[in-house]
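In our numbering, the protein residues as written are 7 to 305.
Positions of the beta carbon are idealized from the N, C-alpha and C atoms, including for glycine.
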Amino acid sequence: MTKALQVNDREKTASRLLKSSAKNSYDPEVDIDWEAPLAEDQPYIPFHRSTLYGTHFWDRLTERQRVELTKHEFASIASNGLWFEVLLMQMLLKDFYNRDPRTNHAQYALTEVADECRHSTMFAKTCDRIGAPAYGPIRILHLGGRVLPAVLKGPSAYASILVAEELLDRFQRDQMFDEQVQPLVRMVNRIHVMEEARHVTFAREEVTRGMRECNAAQRAYHQFMTALVGFCIVKALINPRIYKSVGLRPRDAYRAAMTNPHWRETVRWSGEKIMSFLDEVGLVGKPGTALWRKAGLIR
Numbered sequence: 007m008t009k010a011l012q013v014n015d016r017e018k019t020a021s022r023l024l025k026s027s028a029k030n031s032y033d034p035e036v037d038i039d040w041e042a043p044l045a046e047d048q049p050y051i052p053f054h055r056s057t058l059y060g061t062h063f064w065d066r067l068t069e070r071q072r073v074e075l076t077k078h079e080f081a082s083i084a085s086n087g088l089w090f091e092v093l094l095m096q097m098l099l100k101d102f103y104n105r106d107p108r109t110n111h112a113q114y115a116l117t118e119v120a121d122e123c124r125h126s127t128m129f130a131k132t133c134d135r136i137g138a139p140a141y142g143p144i145r146i147l148h149l150g151g152r153v154l155p156a157v158l159k160g161p162s163a164y165a166s167i168l169v170a171e172e173l174l175d176r177f178q179r180d181q182m183f184d185e186q187v188q189p190l191v192r193m194v195n196r197i198h199v200m201e202e203a204r205h206v207t208f209a210r211e212e213v214t215r216g217m218r219e220c221n222a223a224q225r226a227y228h229q230f231m232t233a234l235v236g237f238c239i240v241k242a243l244i245n246p247r248i249y250k251s252v253g254l255r256p257r258d259a260y261r262a263a264m265t266n267p268h269w270r271e272t273v274r275w276s277g278e279k280i281m282s283f284l285d286e287v288g289l290v291g292k293p294g295t296a297l298w299r300k301a302g303l304i305r
């Protein structure tokens, strides 16, 4: 059953978030120095967060190859973050379509869409600046993403948004002040974390309100759909093609990465906060438990 979590009045929350957006928003086009040189010897994610860290493949790589691998891992995560943002914007606009545009709630939804447009541009420009492909998800997930905004609704739509945002947020908070990581990546992470904090507040309250109104059948539906999307999000983060960048066979390296205890612990760690919240509101239940486990977000 859903616990009695505190949730504010919808209009009051939206009003506060609109004011915060007006005071604390960034434009990556002008707030990031895209011409600054990259540091050749600095990784794009910490080495211990690399998918192959601790495996025999990692031991075979030179220091330069390790840096190169983290560049492509970052590009995979960032370009999949862009994919998530595009799906999120579609869901927000679908919700806005049926709301009174005069309300703070509807206007904040549009403000969040504007934020996400800038974030998507930022991720795309970052991949281009570091000289890596915008890998995005594998083909089957890319195709599945076309129907997702049409089938997701209510609490599971906002919960799916949260899974994507909060997994990335955990990675980025861990790295944005790490001076071993590329300065450009740290700045991108800092901007995204600061603006996503508002989006997380907005979505968490929508999930909590929505789950309070669900009957047993609706709760089961939202539990399954959130778990299904969560599973796809985790599996999308790393595109197997990244391993070609350091001369590894994608199939073999990807298999090693997905069974790597270090990477599996990183995935579990990245989902600690969001999984705790989803459990509190009643979105972690039997219909989706197997998928959460396969994703590595619960034991």
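- The closest CA to that of valine 191, considering only Glu211, Gly302, Arg66, Ile51, is found on Ile51.
- Counted as a single uninterrupted DSSP element, the alpha helix (DSSP H) harbouring glycine 150 occupies residues 145-151.
- Here the C-alpha atom of asparagine 86 lies approximately 7 Å from the C-alpha atom of tyrosine 141.
- Nearest C-alpha to lysine 250 among Glu79, Ala42, Pro189, Leu23: Glu79.
- Assignment of isoleucine 248 by DSSP, reduced to helix, strand and coil, places it in the helix class.
- Nearest neighbour of lysine 18 by Cα position, chosen from Thr207, Ala226, Gln71, Thr132, turns out to be Thr207.
- For glutamate 69, the enclosing alpha helix (DSSP H) begins and ends at 69-103.
- Counting along the chain, the unbroken alpha helix (DSSP H) around glycine 294 starts and ends at 292-301.
- With a minimum length of 4 residues, the unbroken runs of alpha helix (DSSP H) contained wholly in the region 168-253 fall at 189-218, 222-242.
- Looking at the backbone, the Cα of leucine 174 and that of arginine 108 are separated by about 32 Å.
- Excluding its 5 nearest sequence neighbours in each direction, alanine 45 has C-beta neighbours in its own chain below 8 Å: Gln188, Pro189, listed in chain order.
- When the five nearest sequence neighbours on each side are left out, the beta carbons in the same chain lying within less than 8 Å of the beta carbon of lysine 300 are those of Phe237, in order along the chain.
- In the displayed model, arginine 257 falls within a helix according to three-state DSSP.
- In the three-state DSSP reduction, tyrosine 50 falls in the coil class, being neither helix nor strand.
- Taking C-alpha positions only, proline 161 is separated from histidine 228 by approximately 7 Å.
- Burial is judged here by how many other beta carbons sit within 10 angstroms of a residue's own beta carbon; tryptophan 275 has fewer than 16 and is exposed.
- Looking at the backbone, the Cα of glutamate 202 and that of glutamate 171 are separated by about 7 Å.
- Contact check for alanine 156 against valine 213 fails: the beta carbons are separated by 7 Å or more.
- Distance between methionine 264 and isoleucine 304, taken at the CA atoms: about 15 Å.
- Under the three-state reduction of DSSP output, tyrosine 141 falls in the coil class, being neither helix nor strand.
- For tryptophan 64, the enclosing alpha helix (DSSP H) starts and ends at 62-66.
- For methionine 231, same chain residues with a beta-carbon under 7 Å away, outside a window of 5 residues either side, are Leu158, Ser162 in chain order.
- About 7 Å separates the beta carbon of methionine 128 from that of isoleucine 197, a gap short enough to meet the 8 Å contact definition.
- Glycine 288 and glutamate 271 have their C-alpha atoms some 24 Å from each other.
- Distances from the alpha-carbon of histidine 205 to those of Asp39, Leu94, Thr76 put Leu94 closest.
- When DSSP states are grouped into helix, strand and coil, lysine 159 belongs to the coil group.
- Assigned with DSSP and collapsed to three states, leucine 289 falls in coil, not helix or strand.
- The criterion of a C-beta distance shorter than 7 Å is not satisfied by alanine 120 and lysine 77.
- For the 7 Å CB-CB criterion, phenylalanine 63 and alanine 262 form a contact.
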